[in-house]
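Number of protein chains: 2
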Amino acid sequence: MSPTTIKVACSNCNLRELCMPIGLSDEDLARLDEVITSRRKVRRKTALFRNGEKFHALYAIRTGVFKTCVTAEDGRDQVTGFQMAGEIVGLDGIVNDHHTCDAVALEDAEVCVLPFDRIGELSREVGALQHHLHRVMSREIVREHGVMLLLGTMRAEERLAAFLLNLVQRLQARGFSRSELVLRMTRQEIGSYLGLKLETVSRTFSRFAEENMIEVHQRHVRIVDVDRLRGLLAQPGTGF
Amino acid sequence: MSPTTIKVACSNCNLRELCMPIGLSDEDLARLDEVITSRRKVRRKTALFRNGEKFHALYAIRTGVFKTCVTAEDGRDQVTGFQMAGEIVGLDGIVNDHHTCDAVALEDAEVCVLPFDRIGELSREVGALQHHLHRVMSREIVREHGVMLLLGTMRAEERLAAFLLNLVQRLQARGFSRSELVLRMTRQEIGSYLGLKLETVSRTFSRFAEENMIEVHQRHVRIVDVDRLRGLLAQPGTGF
DNA sequence: CGTGTCTTTGATAATCTTCAACACTCGTGG
DNA sequence: CCACGAGTGTTGAAGATTATCAAAGACACG
Numbered sequence: 006m007s008p009t010t011i012k013v014a015c016s017n018c019n020l021r022e023l024c025m026p027i028g029l030s031d032e033d034l035a036r037l038d039e040v041i042t043s044r045r046k047v048r049r050k051t052a053l054f055r056n057g058e059k060f061h062a063l064y065a066i067r068t069g070v071f072k073t074c075v076t077a078e079d080g081r082d083q084v085t086g087f088q089m090a091g092e093i094v095g096l097d098g099i100v101n102d103h104h105t106c107d108a109v110a111l112e113d114a115e116v117c118v119l120p121f122d123r124i125g126e127l128s129r130e131v132g133a134l135q136h137h138l139h140r141v142m143s144r145e146i147v148r149e150h151g152v153m154l155l156l157g158t159m160r161a162e163e164r165l166a167a168f169l170l171n172l173v174q175r176l177q178a179r180g181f182s183r184s185e186l187v188l189r190m191t192r193q194e195i196g197s198y199l200g201l202k203l204e205t206v207s208r209t210f211s212r213f214a215e216e217n218m219i220e221v222h223q224r225h226v227r228i229v230d231v232d233r234l235r236g237l238l239a240q241p242g243t244g245f
Numbered sequence: 006m007s008p009t010t011i012k013v014a015c016s017n018c019n020l021r022e023l024c025m026p027i028g029l030s031d032e033d034l035a036r037l038d039e040v041i042t043s044r045r046k047v048r049r050k051t052a053l054f055r056n057g058e059k060f061h062a063l064y065a066i067r068t069g070v071f072k073t074c075v076t077a078e079d080g081r082d083q084v085t086g087f088q089m090a091g092e093i094v095g096l097d098g099i100v101n102d103h104h105t106c107d108a109v110a111l112e113d114a115e116v117c118v119l120p121f122d123r124i125g126e127l128s129r130e131v132g133a134l135q136h137h138l139h140r141v142m143s144r145e146i147v148r149e150h151g152v153m154l155l156l157g158t159m160r161a162e163e164r165l166a167a168f169l170l171n172l173v174q175r176l177q178a179r180g181f182s183r184s185e186l187v188l189r190m191t192r193q194e195i196g197s198y199l200g201l202k203l204e205t206v207s208r209t210f211s212r213f214a215e216e217n218m219i220e221v222h223q224r225h226v227r228i229v230d231v232d233r234l235r236g237l238l239a240q241p242g243t244g245f
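Chains as they are written, first to last, in my numbering: chain U, 6 to 245; chain R, 6 to 245.
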């Protein structure tokens, strides 16, 4: 629960390019190092923050995968995203000074704590940081537009194909294979994210495997035919 | 197309409370007035900006209602939101310096042009403005979480009820009736936003009317029984 | 080595979409 | 001023997709 106060350095972090603005001077990076002074470990299935908690900081993921989910009054919940190394969580908390969703680690994880008031101060002086922060938030808005398109217009097969392709793409950007991946989330969680029931997710996996587009062994997935998967998205259509 | 360069003043705008940070000093407001120097009229069915266009500015809506929509490669599109007076559009453009969605006026409209670089500069000096900008972006993220919950977990009746209740609530905040509203968008557009076909929207309207929860005359809607509408959302459930 | 969680698969049911026909509204031009 | 037509909205019947319910299998963890 309590942040581990370890001295760490952005200037020395191998995730810098994913996480932080490129083009910060050494001097600026040094100042950033003074703001980001603690990390926090989050154990599997525990929350980094929860709906209703006071907002203090953004979190940059160092290791591990998180899910964020919102909950309706009646208890239904919706996974709004899966986040991995280099990505930022906690942006939801800014508007009302309280978090409005849960961020839960899907495996043991570690995050850098970015105290928001201090980030704000520093970004007033470091233009590149200010713009970077704006871009991070804008990117999240654009990502969610994509999810809305998925939820609003796509069918089960398209949703799952889009999900898998998005995952491998992000993993590839982190140096992992572009054809093999290990799912850190359950079928239920995938389903929640994609607006499907877990049975539908499972069936769709099976169908993809049957048609030799992927191989599935539990949470291990190998993408055998990327092109056919992609083909499920861009209908060779007359343009609707 | 070309912005109308009229001298206008935020300090004198009746939308200030919706649109701009409360708690700006008179001095700060004066500086803001120097940044926001032009308005732009947008005629019904024309775009304020389009997917792919270079990003220059955010826009604060003065009058009229807009829709924003994203388009997939295959031509399917998804309305991502309806925006009205006091709300900000264009945040999607920050991340890649290009817009990724269309903003189209549903009726003749007018917006204030907020040149983004100048807003950035000013917000470096005016802390309240900086924080306000962050809040605006965070609010949009949280709003989209709500839409994802709607698209991912709700059925047609719940979606439409949520949509209507959200609309009247925002209209009420702008001084309009809390029971009567005029829809500026077609059934098709409502359907796109809610992830439904226009026929389903129409049928659901009819069902609500049949059960005396609302009265519908074309785009005119009167909410007769708010409580029953709300009841459609919060299932009196066991709260699993 | 059992227990609980997660996953798969089948049969049935509910919801929404699709296709089709017709009604209504509003603006335009004869 | 009226008629016409395009766009919009309503409604019905049939069909498709996904959800629900149920049962059994696989795996992971203690």
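Ideal placement from N, C-alpha and C gives every residue a C-beta, glycine not left out.
Legend entry - Nearest neighbour of Ile93 of chain U, chosen from R:Ser143, R:Val84, R:Asn17 and R:Ile93 [CA to CA]: Looking up residue 93 of chain U in the first sequence gives position 88. Sorting R:Ser143, R:Val84, R:Asn17 and R:Ile93 by C-alpha distance to the C-alpha of Ile93 of chain U places R:Ser143 at the top.
Legend entry - Delimiting residues of the alpha helix (DSSP H) encompassing Ala167 of chain R: One-based indexing of the second sequence puts residue 167 of chain R at position 162. From DSSP, the alpha helix (DSSP H) with Ala167 of chain R extends over Ala161 to Ala178.
Inset, instruction - For Cys106 of chain R, return the contacting residues in chain U, with the cut-off set at a CB-CB distance below 9 angstroms. - result: Working through the second sequence from its first residue, we reach residue 106 of chain R at position 101. Here the neighbours are Val147 and His150.
Legend entry - Residues of its chain near Ser184 of chain R, where Cβ-Cβ distance is below 8 angstroms and the 5 sequence neighbours each way are ignored: Position 179 of the second sequence, counting from 1, holds the residue named residue 184 of chain R. Correct list, in chain order: Val173, Arg227, Ile228, Val229 and Val231.
Inset, instruction - Please state if the CB of Leu23 of chain R and the CB of Gly91 of chain R are separated by a distance shorter than 9 angstroms. - result: Working through the second sequence from its first residue, we reach residue 91 of chain R at position 86. Working through the second sequence from its first residue, we reach residue 23 of chain R at position 18. Yes, the pair counts as a contact, with Cβ atoms nearer than the cut-off.
Inset, instruction - Please confirm whether any heavy atom of the ligand ADP lies closer than 8 angstroms to the CB of Arg227 of chain U. - result: The ligand ADP is absent from the structure shown, which contains no ligands of any kind.
Inset, instruction - Ignoring anything shorter than 4 residues or poking outside the region 7-69 of chain U, list the alpha helix (DSSP H) runs there in chain order. - result: As far as the region 7-69 of chain U is concerned, its whole alpha helix (DSSP H) runs of at least 4 residues are 21-24 and 31-40.
Inset, instruction - Closer than 8 angstroms by beta-carbon distance: list the chain U residues that pair up with Met142 of chain R, in chain order. - result: Within the second sequence, numbered from 1, the residue matching residue 142 of chain R stands at position 137. Result: Leu96, Ile99, His139, Met142, Ser143 and Ile146.
Legend entry - Closer than 9 angstroms at the beta carbon, the chain R residues around Ser182 of chain U: As a position in the first sequence, residue 182 of chain U is number 177, starting the count at 1. By Cβ distance, chain R contributes nothing, its closest Cβ being about 25 angstroms from Ser182 of chain U, past 9 angstroms.
Inset, instruction - For Leu186 of chain U, write down the residues that DSSP places opposite it in a beta bridge. - result: Position 181 of the first sequence, counting from 1, holds the residue named residue 186 of chain U. In the DSSP assignment, Leu186 of chain U forms a beta bridge with U:Val226.
Legend entry - Residue closest to Gly86 of chain R, alpha-carbon to alpha-carbon, out of R:Tyr198, R:Gln177, R:Gly57 and R:Glu32: Residue 86 of chain R sits at position 81 when you count from the first residue of the second sequence. When R:Tyr198, R:Gln177, R:Gly57 and R:Glu32 are compared, the shortest CA-CA separation from Gly86 of chain R is found for R:Tyr198.
Inset, instruction - State the Cα-Cα distance for the pair Ala167 of chain R and Leu238 of chain R, rounded to the nearest angstrom. - result: As a working mapping, residue 167 of chain R is identified with position 162 in the second sequence. As a working mapping, residue 238 of chain R is identified with position 233 in the second sequence. Going from the Cα of Ala167 of chain R to the Cα of Leu238 of chain R covers about 7 angstroms.
Inset, instruction - Locate the beta strand (DSSP E) running through Thr73 of chain R, then write down its first and last residues. - result: By 1-based counting over the second sequence, the position of residue 73 of chain R is 68. Per DSSP, Thr73 of chain R is one residue of the beta strand (DSSP E) stretching across Phe71 to Thr76.
Legend entry - Neighbour list for Val109 of chain U in chain R, Cβ cutoff strictly below 9 angstroms: Within the first sequence, residue 109 of chain U is the residue found at index 104, counting from 1. Taking a Cβ-Cβ cut-off of 9 angstroms, Val109 of chain U has no neighbours in chain R, whose nearest Cβ is about 15 angstroms from it.
Inset, instruction - Give the straight-line distance between the Cα atoms of Pro241 of chain U and Ser16 of chain U, rounded to the nearest whole angstrom. - result: Taking the first sequence and counting its residues from 1, the one referred to as residue 241 of chain U is at position 236. Taking the first sequence and counting its residues from 1, the one referred to as residue 16 of chain U is at position 11. Its pLDDT being 42, under 50, Pro241 of chain U is placed unreliably in this model, and the coordinates cannot settle the point.
Legend entry - Residue of U:Phe121, U:Val147 and U:Leu186 minimising C-alpha distance to Gln135 of chain R: Translated into positions along the second sequence, residue 135 of chain R becomes position 130. The residue among U:Phe121, U:Val147 and U:Leu186 with its C-alpha nearest the C-alpha of Gln135 of chain R is U:Phe121.
Inset, instruction - Return the first residue and the last residue of the alpha helix (DSSP H) that Asp82 of chain U is part of. - result: In the first sequence, the residue the question calls residue 82 of chain U occupies position 77. In the DSSP assignment, Asp82 of chain U falls outside any alpha helix (DSSP H) and within the unbroken beta strand (DSSP E) covering Asp82 to Gln88.
Legend entry - Segment contact flag, the region 110-128 of chain R with the region 58-68 of chain R, C-beta cutoff 8 angstroms, min 3 pairs: The region 110-128 of chain R, when compared against the region 58-68 of chain R, does touch it at the 8 angstroms Cβ threshold.
Legend entry - Endpoints, beta strand (DSSP E) assigned at Ala133 of chain U: Mapped onto the first sequence, residue 133 of chain U falls at position 128. Going by DSSP, Ala133 of chain U is part of no beta strand (DSSP E) but of the alpha helix (DSSP H) stretching over Gly132 to Thr158.
Legend entry - Ile124 of chain U vs Val47 of chain U beta-carbon contact at 9 angstroms: Here residue 124 of chain U refers to the residue found at position 119 of the first sequence. Here residue 47 of chain U refers to the residue found at position 42 of the first sequence. Their beta carbons are not under 9 angstroms apart, which means Ile124 of chain U does not touch Val47 of chain U by this criterion.
Inset, instruction - For Ala214 of chain R, I'd like the list of residues in its chain whose CB is within less than 7 angstroms of its CB, leaving aside the five on either flank, ordered along the chain. - result: Here residue 214 of chain R refers to the residue found at position 209 of the second sequence. These residues qualify, in order along the chain: Glu220 and Val221.
Inset, instruction - Check whether the Cβ of Ser197 of chain U lies closer than 9 angstroms to any Cβ atom in chain R. - result: Taking the first residue of the first sequence as position 1, residue 197 of chain U is located at position 192. It does; some Cβ of chain R falls within 9 angstroms.
Inset, instruction - With DSSP collapsed to three states, give me the class of Glu112 of chain R. - result: Position 107 of the second sequence, counting from 1, holds the residue named residue 112 of chain R. The answer is coil: DSSP assigns Glu112 of chain R none of H, G, I, E or B.
Legend entry - Buried versus exposed, by CB contacts within 10 Å (16 or more), Gly57 of chain U: Looking up residue 57 of chain U in the first sequence gives position 52. With fewer than 16 other Cβ atoms within 10 Å, it is exposed.
Inset, instruction - Report yes or no: do the region 151-161 of chain U and the region 96-111 of chain U share at least 3 C-beta pairs separated by less than 8 angstroms? - result: Touching, no, given that fewer than three Cβ pairs across the two stretches are closer than 8 angstroms.
Inset, instruction - Tell me, please, whether the CB atom of Val231 of chain U is closer than 9 angstroms to any CB atom in chain R? - result: What you label residue 231 of chain U is simply residue 226 of the first sequence in a count that begins at 1. No, its Cβ sits nowhere closer than 9 angstroms to a Cβ of chain R.
Inset, instruction - Take Arg189 of chain U and list the residues in its own chain whose beta-carbon comes closer than 7 angstroms to its own, dropping the five residues that flank it on each side. - result: As a working note, residue 189 of chain U is residue 184 in the first sequence. Within the same chain, Val70, Leu111 and Glu112 come within 7 angstroms of Arg189 of chain U by CB-CB distance, once the 5 residues on both sides are set aside.
Inset, instruction - Classify Ala114 of chain R as buried or exposed, calling it buried when 16 or more other Cβ atoms lie within 10 Å of its own Cβ. - result: One-based indexing of the second sequence puts residue 114 of chain R at position 109. Result: buried.
Inset, instruction - Could you list the residues in the region 59-81 of chain U with a C-beta less than 7 angstroms from some C-beta on chain R, going in chain order? - result: Against chain R - using a Cβ distance shorter than 7 angstroms - the residues of the region 59-81 of chain U are Val75, Ala77, Glu78, Asp79, Gly80 and Arg81.
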